[in-house]
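Position 43 (the sequence shown) corresponds to 43 in the UniProt record's numbering; numbering is contiguous. Here's the structure, in structure tokens; my notes come after.
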Amino acid sequence: MGRFFRSGVRPAPDGATGIGQLRLCENSGAYLILIFFDYVLAFGVLGLSGAFFRRLKNQPLGIGLGAATGSALRFLCHFISGVTIWGEYANGWQSVWVYSLAYNGSYMLVEGIVTVVGAAALALVLNFKAPNLRKVRQ
């Protein structure tokens with residue numbers, strides 16, 4: 001930083017920008033892991049929720065099981081991200097693993113339960129196998 005004071009106003013922003021870009025490159029691996037696990041993979045695995053839909057005759061059970069599977073896989077992605085990237089915030093915790101489990105489990109468990117119950121409730125009313133979703137189950 002002393003170099004910026006000696007250089008004056010004109011070259012200092014260029015140097016600071018260059019240092020910022022170098023710092024970004026230092027941490028780019030962590031950013032890529034964060035983007036991949038917390039966004040791309042975590043929400044991509046939700047597509048696996050439909051795996052049980054056509055295999056089970058009981059539509060609410062199939063949709064509920066699919067929602068539970070999707071939620072569990074999404075939790076796993078966030079858990080891995082919590083251990084690998086966000087572990088530095090585990091100060092005072094005995095383990096990064098416990099911290100990630102507590103943090104991600106605190107909201108994903110509630111979200112998973114609400115999703116499973118909501119999806120199964122909709123499956124009781126709507127016929128998801130019909131071409132028109134507006135058709136009510138008989």
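All C-beta atoms in this analysis are idealised placements derived from N, C-alpha and C, irrespective of residue type, glycine included.
With DSSP as the reference, identify every bridge partner of residue i, one or two as the case may be.
i	result
L126	V136
Hey, residue i and residue j: beta-carbon distance below 7 Å or not?
i	j	result
G66	G44	no
G70	Y103	no
A68	V117	no
I85	L34	yes
residue 142	I63	With the chain covering 1 to 138 only, the question about residue 142 has no answer from this structure.
Give the straight-line distance between the Cα atoms of residue i and residue j, rounded to the nearest whole angstrom.
i	j	result
S100	R134	41 Å
A121	N91	41 Å
residue 143	I113	Past the edges of the chain, shown from 1 to 138, lies residue 143, and the structure says nothing about it.
Determine, using beta carbons only, whether residue i comes closer than 7 Å to chain B.
i	result
L101	Absent here is chain B; the protein component of the structure consists of one chain.
In this structure, does DSSP put residue i in helix, strand or coil?
i	result
S81	helix
Q59	helix
S100	helix
Inset, instruction - Kindly confirm or deny that the stretch 120-138 and the stretch 70-80 touch, where touching means at least three C-beta pairs closer than 8 Å. - result: By the Cβ criterion, the stretch 120-138 is not in contact with the stretch 70-80, since fewer than three pairs of Cβ atoms, one from each stretch, lie closer than 8 Å.
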